[in-house]
Amino acid sequence: MAGAEIQRRLNWLVAVVVGVVEETPSVRSLTLSCPGWPGHRPGQHIDLRLTAPDGYQAQRSYSIATPSEGELVTITVERIFEGEVSPFLLDVVAPGDRLELRGPIGGYFVWDPGEGPPVFLAGGGSGVVPLMAMLRARISSGDGTPMHLLVSARSRDDIVYREELETLSHHDGVVVTLTLTRSRPEGWTGYDRRVDGAMLRDLVMSPDSGLVSYVCGPTGFTESVAGLLVALGHPPHRVLTERFGPTGG
Amino acid sequence: MRHVDGNAMGGLLWEVFGAEMTHQLGCCAGCGAVNPLATLTVYRDAPGEVARCPACGTVSIVVVRMPHAIRVTIEGVRWLQIHTG
Ligand SMILES: Cc1cc2nc3c(=O)[nH]c(=O)nc-3n(C[C@H](O)[C@H](O)[C@H](O)COP(=O)(O)OP(=O)(O)OC[C@H]3O[C@@H](n4cnc5c(N)ncnc54)[C@H](O)[C@@H]3O)c2cc1C
Ligand SMILES: [Zn+2]
């Protein structure tokens, strides 16, 4: 893999939108069919490039939500208020449209099935996207790595992949925990606050388990959760982070 | 919290170095910290991107896009270690 990685060129490819799923009122998944796609590893992302008729270009990164599957690449995009690119991907793009992308990109924030050390995944908002690729790969490959996903969302309706997460948590060795930071449905018995040290102490294995953590989401969320894990004694090199940018709202 | 990190620079670093770089190690010229490039603190201000050492803030890498070229300054990196497999 490493040898092939070094040889590959990072060219812009033209993909066609072949599937659209409205995940929540403000989040949508797009499946792209991309001739020439070399395959990817869970956790990797693409760079997507839009070109206006006058030649102006805007480029953004989007994590891949699914394990490698031929020429298909699925991304999941959250609407950023007054954003340049995300509202276009939610409101304008339709099946049959062409989009320019390059990838896969990323050799650090990646996880491959292979019965390695136990894994803790923590995602805030759309930060769950690359973690979902890891969890889906864990399940579809039949790998037995213990995996715990913690998702922080504002409300139940804001949980991306909610139905799938509810079924995934029935798999052996897979745990999904949700915390709802703004509003809870009636009778909610789960966590109801931002991720804090006490929550992580309850949920996360001790450092001597060899646990590897992947933390992803808005920059503030990512730095806060990674800092808490390090404070609990997890070595910084086993707390991997990916920052998506400013904290919304 | 407007910054991102070296993961976001993966595509640009690939253009510069011709390979995936985010997992490769760099040693900070300021403080000697050794970290994967993915952990650098990145400020994206078109037309350039500025990556700083997460430990001490030293400017590690600056990439500026020009009409027909990319200019890279890597003064803040003492060494880069490229894993060859
Ligand atoms: C490696 C990587 C992977 C990413 N993966 C995903 C993904 O899977 N799904 C996804 O939805 N996004 C992802 N992002 C974020 C994405 O690249 C864009 O930053 C995001 O879609 C906003 O772009 P925009 O053009 O709509 O907003 P912009 O026009 O860039 O920004 C508009 C306003 O919103 C603010 N803003 C920018 N980004 C965010 C943000 N993330 N949250 C809150 N406010 C913001 C800006 O400061 C600005 O004020 C990823 C980012 C990185 C670096
Ligand atoms: Zn330093």
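If you're matching them up, the sequences are chains V and C in order.
In terms of my numbering, the first sequence is residues 1 to 249.
In terms of my numbering, the second sequence is residues 1001 to 1085.
Glycine included, C-beta positions come from ideal geometry on N, C-alpha and C.
Contact between the segment 167 to 174 of chain V and the segment 101 to 109 of chain V (3+ Cβ pairs under 8 Å): Segments in contact, no.
Heavy atom of ligand 2 within 7 Å of glycine 1030(C) beta-carbon: Under cutoff, so the answer is yes.
Residue-level contact to chain C via CB, aspartate 112(V), 8 Å cutoff: It does not; no Cβ of chain C falls within 8 Å.
Cβ-based burial, glutamate 166(V) [other Cβ within 10 Å; buried from 16]: Using a 10 angstroms sphere on the CB of glutamate 166(V), the tally of other CB atoms stays under 16, which defines it as exposed.
Contacts around cysteine 1031(C), its chain only, beta-carbon distance under 6 Å, and the 5 residues preceding and following it disregarded: Ala1055, Cys1056.
Presumed contact (8 Å Cβ cut-off) between valine 160(V) and threonine 24(V), rounded CB distance: Contact between valine 160(V) and threonine 24(V) holds: their C-beta atoms lie close to 6 Å from each other, under 8 Å.
Alpha-carbon spacing of proline 87(V) relative to leucine 50(V), whole angstroms: Rounded to the nearest whole angstrom, the CA to CA distance from proline 87(V) to leucine 50(V) is 12 Å.
Heavy atom of ligand 2 within 7 Å of threonine 1058(C) beta-carbon: A distance criterion of 7 Å places the beta-carbon of threonine 1058(C) in contact range of ligand 2, judged by its closest non-hydrogen atom.
Interface residues of chain C facing aspartate 47(V) [CB-CB closer than 7 Å]: For aspartate 47(V), the neighbours in chain C by C-beta distance under 7 Å run, in chain order, Gly1011.
Chain A contacts made by the segment 96 to 108 of chain V, where a contact means CB separation under 7 Å: In the displayed structure, chain A is absent; the protein chains listed are V and C.
Among Arg238(V), Glu242(V), Glu84(V), Val85(V), nearest to proline 117(V) - alpha-carbon criterion: Checked all of Arg238(V), Glu242(V), Glu84(V), Val85(V); the closest Cα to proline 117(V) is Arg238(V).
Closer than 8 Å to chain C by CB, serine 61(V): True, the Cβ-Cβ gap to chain C drops below 8 Å.
Whole-number beta carbon distance between proline 42(V) and alanine 133(V), since they are thought to touch under 8 Å: Contact check for alanine 133(V) and proline 42(V): beta-carbon distance about 4 Å, within the 8 Å limit, so the pair qualifies.
Neighbouring residues, chain C, relative to threonine 181(V) (Cβ below 9 Å): Per Cβ cutoff of 9 Å: no residues; threonine 181(V) is ~17 Å from chain C at best.
Where glycine 220(V) meets chain C, residues with beta-carbon distance less than 8 Å: Here the neighbours are Met1001.
Which listed residue (Glu242(V), Trp12(V), Thr31(V)) has its alpha carbon closest to that of leucine 90(V): Check the Cα spacing between leucine 90(V) and each of Glu242(V), Trp12(V), Thr31(V): the tightest is with Thr31(V).
Chain C contact for proline 246(V) (CB, 8 Å cutoff): Yes, proline 246(V) lies at the interface with chain C (some Cβ there is under 8 Å from its Cβ).
Minimum C-alpha distance to alanine 1038(C) - residue among Gly1011(C), Thr1084(C), Gly1018(C), Gly1048(C): Among Gly1011(C), Thr1084(C), Gly1018(C), Gly1048(C), the Cα nearest to that of alanine 1038(C) is on Gly1011(C).
Interface residues of chain C facing glutamate 242(V) [CB-CB closer than 9 Å]: Result: Val1004, Asp1005, Asn1007, Ala1008, Ala1038.
Rounded separation between glycine 1006(C) and isoleucine 64(V) - CA only: Their Cα atoms are separated by approximately 17 Å.
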